[in-house]
């Protein structure tokens, strides 16, 4: 809430907000950031000045790695599917290019979803390392089972691990819990 309020104060200092919902705030901030991309460090410094104890870099990281993700669909439930598809693709063609092929195929299969492309690339990178290095590899049988399983089965199984997987993916980021107060 503190970060949202600081972002709102920043945006309102630049333009008059017609609507004060969070989605409008996000869109307007994106527009401001695009227009002043050369002065982007200044944006984060201004926002940090509204949040005592926060640096410009921390504001930047929190925005990109946490705050804006609320506007996108979660990838957690799809990680087993992506991993299985990636493993199958690497078995057929062990080239780096299969990562992009799997990612593009996945996006085409889910046109109704709004995924954060940067987060998807991060997930694919982590999964590629695990699959390519044989870490946490799944058997060919499991891979086929996951690929053939119904979405509801996968969603049900993955909901149990969703929190742990999110922590795994973003474990290297700072803890910003105090911003949510």
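Numbering (full-length UniProt numbering), first residue to last: 1 to 181.
C-beta: ideal position from N, C-alpha, C; glycine also.
Fair warning: this is a prediction, and the values are worked out from it, not measured in the lab.
| Asked | Found |
| --- | --- |
| As assigned by DSSP and simplified to three states, the class of residue 17 | coil |
| C-alpha distance - residue 61 paired with residue 85, whole-angstrom precision | 30 angstroms |
| Euclidean distance between Cα positions of residue 74 and residue 104 | 17 angstroms |
| Residue 98 vs residue 90 beta-carbon contact at 8 angstroms | yes |
| Residue of 48, 80, 112 and 59 minimising C-alpha distance to residue 126 | 80 |
| Where residue 140 sits in the DSSP three-state scheme | Residue placement at residue 140 is poorly supported in this model, since its pLDDT is 46, which falls under 50; the coordinates still yield a value, given next. If DSSP states are grouped into helix, strand and coil, residue 140 belongs with the helices. |
| Residue 106 - DSSP class collapsed to helix/strand/coil | helix |
| Coil, strand or helix - residue 77 by DSSP | helix |
| Delimiting residues of the alpha helix (DSSP H) encompassing residue 121 | 117-132 |
| DSSP-derived helix/strand/coil call for residue 96 | coil |
| Three-way DSSP call (helix, strand, coil) for residue 113 in this model | coil |
| Which listed residue (14, 23 and 130) has its alpha carbon closest to that of residue 33 | 14 |
| Per-residue burial, residue 82 [other beta carbons within 10 Å of its own, 16 or more giving buried] | buried |
| Delimiting residues of the alpha helix (DSSP H) encompassing residue 29 | 22-35 |
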